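Residues 1 to 628 (the numbering used here) make up the sequence shown, in order.
Ideal placement from N, C-alpha and C gives every residue a C-beta, glycine not left out.
Owing to the predicted nature of the structure, the values given are computational and were not obtained by experimental measurement.
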Amino acid sequence: MRQRERLYRRLGVEDAPSARNYAALLSELSAKAEISSQDALVHGQCLAWLANALDREDPDVHQALKTLRNEPMLINLLGGQTFADEAAWLDSPVLAEPFGSELNQRLVSPPQVSRLAAARFFRELGVVRLSDIAREALSEVPNSRVNIIATGLLKERSDLLLWLGPSAEFRERLGDILSSVKIHNTETLQVHVEITEFDPPVRSPASPAAAFYATESSILYVRSSFGDQIDWPAAFRALFAPLEQLSFGVDMPPVIMTAAYVTSFGTWQDAERSLRNSNYQEPEGTHQPMPLTDALTDADEELAIYETFAEDAPPENAPPVEAEEKSEISSDAEIVMDALDREGAFGNLSAKTTAEAPAENANDDDEPFKSKSDDGIFGRTEIGVTAIKQQGTLFGSGGNSNGWIPNSSRRPSPTGTERQERKSRMLSYVNAAAREDAPAFDQMPSNDLSDRIDAAAIEAVLKYERQCGRNPVEQSHNNPGFDIISTSVEGPTRRLIEVKGLEGAWNERGVKLSHVQFAMAQQYPGEYWVYVVEFSRDIQKHQVSAIANPFSKVLEYWFDHGWRGVTEELASTADLNLRIGARVKHAIWQIGTIEKIEKRGSVTSVVVNFGFQGRKFLPYSTALEFVD
């Protein structure tokens, strides 16, 4: 290769990008203040190339990745950079969903490669899986009764259900579960997700579930009255949840519905015939039970030992490469960009970006329920609950701490955070109109300023706790539940402190608690404290207000008109009053009685008896007024 290098240069042959080139481009991207859509696309291509190269045992990848470990080389779900040791890769969306956007600052999406390649790549970088630090659990063990008929049916069809397994590992684990599972009916079922990295664990709010599989007891809880028909799709969704790591990249909803379909047949023979007619085949080999305590793995945990290959040495009498020819070699980043451009990786990115970019004056609230960017704006049409407590508010905007690994050192984040997110789905406030001395929307703190406010507020609280004779310990800066644990030297009592920092005075603009912090306060009512620090960065004026068990002090909850947008059911005037026998008034025929109602598609018509005016067939509209 080296012998022909001068010839290749003369002919204009370009270098093929190597692991070093892709790592250099990632390093260049990590130094940017903001990540554009094109940057994100290039970043994803680089990660995918390195992950595939590691999977095919490219010996240069290990050294290339080592150079990136001290740089924020990953892009989180908010579009900002993050360090590998502070990130968690999203291998289980089910575990992230209950936290809303609280975890987005540290969650990263896997590259577009195979599941095993992604797992191996992140393991090489030291990025933990979300499923390694979070788990779904019962909020409380429900009262239940075993359903012998449903359990027997599931065991009878267990061998047919193995036909649906996307891999041998999936079928092996599913066989273990089916061999010992028991179905229980329960009237109520509440579950939550907890992050076990923290002490105490941070839990999401409890939410109702249709089904849940408890791995420790091998009980499949299904929410239904005893004797009612089992909701098999929900049951199989819960049953397959522990196997999520073995089904990465598989479209599971069709598998779940097919499993429910297998249980719907009257006999085993009919179910088998239907599977064969659908081109399913019996898997080769027989199932050998394996202990349920065996850990699920994505790939061999023992990393392969890579051979290092020495570069071909040029002959002793080979002429050296001239300096001016070396200077023609493209930089690492340019080599990768040229290669991606030649492969058409960007496509019509410029056109796509233009089409997707919002208009300059577009309303950010057009897309409801999506967490807005951390622009420091309180919002205009928020949906909220108002909590009134004597003077002022309990909720609003304020600091929030971030971080995944408890032992990781605090680093200044290269991007803004959600710690002072002013727009959210259920923003709570007291006054609809801002006070005259409240800052204007365009004067709200920027993202970086919010970080500095929060850091100063936490430092003030640490100082306050030490002066009170307690031992405060700041938590990793991605703990979504609280910022500080403070213990007393006189006893086992502790305070779980959530710090809310303000740049100015504490007014009706208030501070906020996220739904995760709300759940933590409910779970630890005697230990949860909210500390509000006013004038956080002004040492001459800052003031700490400590509130114990804040929700015990709430006297009223007000639900404003914005909640209309999240109602599960809505009844109109017609739904309430349109019935046979109802009396209506028409501008021409006056008062009559509805004798018949006909619905054809979206059009509703009525037959009204107006007495001596006769019976009229009319479309239902506002021309008809209901009469009491």
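- Task: Can you give me the start and stop residues for the beta strand (DSSP E) that Q543 sits inside?
- Result: 543-548
- Query: When the Cα atoms are used, what is the spatial distance from L174 to K596?
  - Reply: 56 angstroms
- Please classify T622: is it buried, with 16 or more other beta-carbons within 10 angstroms of its beta-carbon, or exposed? exposed
- Query: Apart from the five residues just before and just after S274, which ones in its own chain have a Cβ nearer than 7 angstroms to its Cβ?
  - Reply: F265
- Query: Given a threshold of 16 other Cβ atoms within 10 Å of its Cβ, counted over all protein chains shown, does H630 qualify as buried or as exposed?
  - Reply: The structure shown has nothing for residue 630, since the chain only spans 1 to 628.
- Message: What ranges does the beta strand (DSSP E) occupy inside the region 509-576, keeping only unbroken runs of at least 3 residues that lie completely in it?
- Response: 528-534, 543-548, 556-559
- Given 8 angstroms, three or more beta-carbon pairs between the region 251-262 and the region 208-221: no
- Task: Classify Q81 as helix, strand or coil using the three-state DSSP reduction.
- Result: strand
- Query: When DSSP labels each residue in this structure, what does G227 get in the three-state scheme?
  - Reply: coil
- Message: Taking DSSP's pairing of strands, which residues face Y221 in a bridge?
- Response: H184, F212
- When you compare only the Cα positions, how much space is there between S629 and A168? The chain is shown only over 1 to 628; residue 629 falls outside these bounds and no answer can be derived.
- Message: Per DSSP, what are the beta-bridge partners of L25 in this structure?
- Response: DSSP output for L25 lists no bridge partner at all.
- Pick helix, strand or coil for T151, following the three-state DSSP scheme. helix
- Task: With distances taken Cα to Cα, identify the nearest neighbour of L178 among D199, V193, F198, K155.
- Result: K155
- Item | Local conformation of R583 per DSSP, three classes | strand
- Sorted by chain position, which residues of the same chain lie with C-beta nearer than 8 angstroms to S488's C-beta, five sequence neighbours on each side aside? G469, R470, N471, R494
- Message: What does the Cβ neighbour count give for K512, buried or exposed, with the cut at 16 atoms within 10 Å?
- Response: buried
- Query: Is the Cβ-Cβ distance between V530 and H542 less than 7 angstroms?
  - Reply: no
- Measure the beta-carbon distance from S545 to E503 and round it to whole angstroms, keeping in mind my assumption that it falls under 8 angstroms. At roughly 15 angstroms, the Cβ-Cβ gap does not stay under 8 angstroms, so S545 and E503 are not in contact.
- With burial defined as no fewer than 16 other Cβ atoms inside 10 Å of the residue's Cβ, what is the status of D91: buried or exposed? buried
- If you measure from the beta carbon of I458 to each beta carbon in chain B, is any gap under 7 angstroms? Judged by its chain identifiers, the structure shown contains no chain B, having just a single protein chain.
- Give a yes or no on whether the C-beta atoms belonging to S114 and E71 are separated by under 7 angstroms. no
- How long is the line joining the alpha carbons of L629 and H515, rounded to whole angstroms? The requested residue 629 is not part of the displayed model; the chain covers only 1 to 628.
- Message: Output needed for A456: all residues of its chain with C-beta closer than 6 angstroms, excluding positions within five of it in sequence on either side, in chain order.
- Response: S536, R537
- Message: Let's see if you can read the secondary structure: which residues bound the beta strand (DSSP E) around Q590?
- Response: 590-600
- Run through DSSP, which three-state label would Y620 get? coil
- Task: With A137 as the anchor, note down where its alpha helix (DSSP H) starts and where it stops.
- Result: Element bounds for A137: not the alpha helix (DSSP H) but the beta strand (DSSP E), 134-138.
- Can you tell me whether DSSP reads L502 as helix, strand or coil? coil
- Got a sec? Which residues, its chain only, sit under 7 angstroms from E527 by beta carbon, not counting five neighbours each side? R494, R495, L496
- Contact check, T151 vs K182, beta carbons under 7 angstroms: yes
- Message: Just to confirm the assignment, what range does the beta strand (DSSP E) spanning N609 have?
- Response: 603-609
- Item | Element boundaries [alpha helix (DSSP H), containing H62] | 61-66
- Item | Member of N76, V473, P492, Q522 whose CA lies at the smallest distance from the CA of V499 | V473
- Query: Do A51 and A19 have their C-beta atoms closer together than 7 angstroms?
  - Reply: no
- So A87 and V61 are in contact, right, with Cβ under 8 angstroms, and what is the actual spacing, rounded? Contact doesn't hold; Cβ gap of about 19 angstroms is too wide.
- Message: So, at 8 angstroms on beta carbons, what are the nonlocal neighbours of T67 in its own chain, with the 5 sequence-adjacent residues on each side left out?
- Response: A23, S27
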